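Numbering (the numbering used here), first residue to last: 25 to 319.
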Amino acid sequence: MTDARVADVPAQDTVLARIEDDVAIFTLNRPESRNALDDVLIEQLDRLVRAAEIDDSIRVVVIEANGPAFSAGHDITGPEPNMEAGGRKSGNPAYTTTWTGAERRLKREQRIYIDASLAIRNLSKPTIAAVQGHCVAAGLMLASMCDLIVASEDARFADPVVRMGNGSIELLVEPWDLGIRRAKEFLWTGDPITAEEAHRIGFVSRVVPREELSSEALALARRIALSPPVAVSLVKRSINHTWDLMGQRDSFEHHFMVHHIAHNSDESRAIAEEGRTAPGGLREYLRNRDGKYAR
Numbered sequence: 025m026t027d028a029r030v031a032d033v034p035a036q037d038t039v040l041a042r043i044e045d046d047v048a049i050f051t052l053n054r055p056e057s058r059n060a061l062d063d064v065l066i067e068q069l070d071r072l073v074r075a076a077e078i079d080d081s082i083r084v085v086v087i088e089a090n091g092p093a094f095s096a097g098h099d100i101t102g103p104e105p106n107m108e109a110g111g112r113k114s115g116n117p118a119y120t121t122t123w124t125g126a127e128r129r130l131k132r133e134q135r136i137y138i139d140a141s142l143a144i145r146n147l148s149k150p151t152i153a154a155v156q157g158h159c160v161a162a163g164l165m166l167a168s169m170c171d172l173i174v175a176s177e178d179a180r181f182a183d184p185v186v187r188m189g190n191g192s193i194e195l196l197v198e199p200w201d202l203g204i205r206r207a208k209e210f211l212w213t214g215d216p217i218t219a220e221e222a223h224r225i226g227f228v229s230r231v232v233p234r235e236e237l238s239s240e241a242l243a244l245a246r247r248i249a250l251s252p253p254v255a256v257s258l259v260k261r262s263i264n265h266t267w268d269l270m271g272q273r274d275s276f277e278h279h280f281m282v283h284h285i286a287h288n289s290d291e292s293r294a295i296a297e298e299g300r301t302a303p304g305g306l307r308e309y310l311r312n313r314d315g316k317y318a319r
């Protein structure tokens, strides 16, 4: 999608980019929507990630976010009566499709969610997510695609999508990042886990004060950048291959189809419609539905 180096990518408003020595920092910049991921943000981030891949001056990539939250998840403010409508649509044909209905959803999500996510996971260079505040659903998936996560003390990780009647997010990262039994509880209840708990179970590499998050992530990136880049890249590739041998790639592919089956169930459609028309929207609908168990 791009043959430009990071410095040559045109300035963008939704994802900001800067370079500190040999570290590229990509900053999600929709603080007013808690960095909800819509098509435009994903496209802009994807363009920068692919530029970093071919940019020999870049050794490490940091993905951070402006505002109180890393990401509130998918942008569900769009006009379509589903939970992943997206507030703004990309005009780039590489991210759109002429298909309609369920086929359109399948094609679009493959391109905008799966391909863009795996481009981060498979980037030949180390990636670090700097996470503060809420990191929810698609935001959790984005952070999980990074090799390391540095979290602020106020970070909270959650995936409430099962409570919405869907089969979690497009890539089921939780069994790999949290462990099988912890993943089941996490997904079935929708309850968040704290930064400290995420660190205890190995999902998060470091927990730091909120005001030190950006500097600590950059310091870690610079330390990694001191290592020979070819050796670093080969080790990353080998470790990712270990996951693939354990079945991660097949697991992702299987769950992507499960995700679409769940999307098209009567249960999911009913919840989506009730949430869309309820006073206060989906969040208030879920709070009222779940009563004392709501979060």
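Ideal placement from N, C-alpha and C gives every residue a C-beta, glycine not left out.
Here the structure is a predicted model, which is why all the values come from computation and not from measurement.
Where does residue i sit, in a helix, a strand or coil, going by DSSP?
i: R58; result: coil
i: E88; result: strand
i: T38; result: coil
i: E236; result: helix
i: P105; result: Low confidence applies here, because P105 scores a pLDDT of 45, under 50, leaving its location unreliable; read the following figure in that light. Reduced to three states, the DSSP call for P105 is coil.
i: A182; result: strand
i: R319; result: Because the pLDDT of R319 is 48, which lies under 50, any placement of that residue in the model is unreliable, and the question is left without a value.
i: R300; result: helix
i: R29; result: coil
i: V73; result: helix
i: R246; result: helix
i: S257; result: helix
i: Y309; result: helix
i: D79; result: coil
i: L164; result: helix
i: L130; result: helix
i: P216; result: coil
i: I100; result: coil
i: I193; result: coil
i: S251; result: coil
i: R112; result: coil
Would you kindly check if the distance between the Cβ of residue j and the Cβ of residue i is under 7 Å?
i: N190; j: S275; result: no
i: C170; j: A153; result: yes
i: I49; j: V86; result: yes
i: A157; j: A76; result: According to the sequence displayed, residue 157 carries Gly and not Ala. No.
i: D46; j: R74; result: no
i: Q68; j: V30; result: no
i: V228; j: A175; result: yes
i: H279; j: L130; result: no
In this structure, what does DSSP give as the bridge partners for residue i?
i: I138; result: According to DSSP, which records beta bridges pairwise, I138 is partnered with nothing at all.
i: T151; result: V85
i: S262; result: Paired residues: none, contrary to the question.
i: V64; result: In DSSP, V64 forms no bridge with anything.
i: A48; result: I43, V85
i: R230; result: V174
i: S95; result: C159
Measuring alpha carbon to alpha carbon, tell me which residue in the options is nearest residue i.
i: A286; options: M188, A75, R29, D139; result: M188
i: A28; options: D80, E88, R54, R58; result: D80
i: A179; options: V186, L237, L142; result: L237
i: S148; options: D290, L258, E220; result: L258
i: I194; options: F210, A219, I248, G97; result: A quick correction: the sequence has Glu, not Ile, at residue 194. Cα-wise, what sits closest to E194 is G97.
i: M165; options: L142, R205, S176; result: L142
i: R247; options: E308, E44, S168; result: E44
i: I217; options: P184, R54, P233; result: P184
i: I295; options: T151, F280, R311, S57; result: R311
i: R132; options: G226, D63, G163; result: D63
i: S57; options: I66, S168, G91; result: G91
Give the range of the beta strand (DSSP E) segment to which residue i is assigned.
i: S176; result: 172-176
i: H158; result: 158-160
How far does the alpha helix (DSSP H) with residue i in it extend, from its first residue to its last?
i: H283; result: 272-287
i: F210; result: 204-213
i: H223; result: 219-224
Could one say the Cβ of residue i lies closer than 7 Å to chain C's Cβ atoms, at least one of them?
i: K260; result: Absence of chain C from the displayed structure is noted, only one protein chain being present.
Does the beta carbon of residue i fall short of 6 Å from some heavy atom of the ligand GDP?
i: W200; result: Looking for the ligand GDP in the displayed structure turns up nothing, as the structure carries no ligands at all.
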